[in-house]
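Here the structure comes first, spelled out in structure tokens, and everything after it is commentary.
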Amino acid sequence: MECTVISDERGMIIAIGPAPGPVESSDGDGPALWHELLPLEGQTSQVVDVSDDLLNDPEQLANLHQTHRLRGGKLEAVDGLTTGQASE
Numbered sequence: 868m869e870c871t872v873i874s875d876e877r878g879m880i881i882a883i884g885p886a887p888g889p890v891e892s893s894d895g896d897g898p899a900l901w902h903e904l905l906p907l908e909g910q911t912s913q914v915v916d917v918s919d920d921l922l923n924d925p926e927q928l929a930n931l932h933q934t935h936r937l938r939g940g941k942l943e944a945v946d947g948l949t950t951g952q953a954s955e
């Protein structure tokens, strides 16, 4: 599924959410609203494909910032992120 991933300049994951797009109003009346996650200064926002397995596992999703980084427009599993240094 395509998701918006916010990261810092090193690719460290800060936030993940739905891809930008319209959202129907809760009562079903009126035009659809638009939602989009926006990065703060020094951050980047990319729409990337995230596996359904990852999205459907609350524990993996909660630890995404410790287990993955954004590189080349993809989520990449990397060891050692808890120390701030990735081992490659």
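Counted from 1, the sequence shown has number 909 at position 42 by the working numbering; the numbering is strictly sequential.
All C-beta atoms, glycine included, are put in the ideal place defined by N, C-alpha and C.
A quick note: this is a predicted structure, and the numbers were derived from the prediction, not measured.
Could you check which residue in the options has the C-alpha nearest to that of residue i?
i           : options            : result
residue 874 : 945, 944, 868, 932 : 932
residue 906 : 917, 897, 883, 891 : 883
Taking the C-alpha atoms as reference points, what is the distance between residue i and residue j?
i           : j           : result
residue 940 : residue 894 : 36 Å
residue 917 : residue 926 : 15 Å
residue 946 : residue 885 : 26 Å
residue 871 : residue 922 : 12 Å
residue 934 : residue 908 : 24 Å
residue 877 : residue 942 : 13 Å
residue 919 : residue 930 : 16 Å
Between residue i and residue j, how many whole angstroms is the CB-CB distance? I'm expecting something under 8 Å.
i           : j           : result
residue 936 : residue 879 : 6 Å
residue 887 : residue 903 : 4 Å
residue 913 : residue 881 : Actually they are not in contact, since the Cβ atoms of residue 913 and residue 881 sit about 12 Å apart, beyond 8 Å.
Quick check: does the Cβ of residue i come within less than 7 Å of any heavy atom belonging to the ligand FMN?
i           : result
residue 907 : This structure simply doesn't include the ligand FMN, nor any ligand for that matter.
Looking only at DSSP bridge pairs, what is residue i linked to?
i           : result
residue 911 : 874
residue 880 : 874
residue 959 : A question about residue 959 goes unanswered here, because the residues of the chain that appear run from 868 up to 955.
residue 937 : 942
residue 916 : 869
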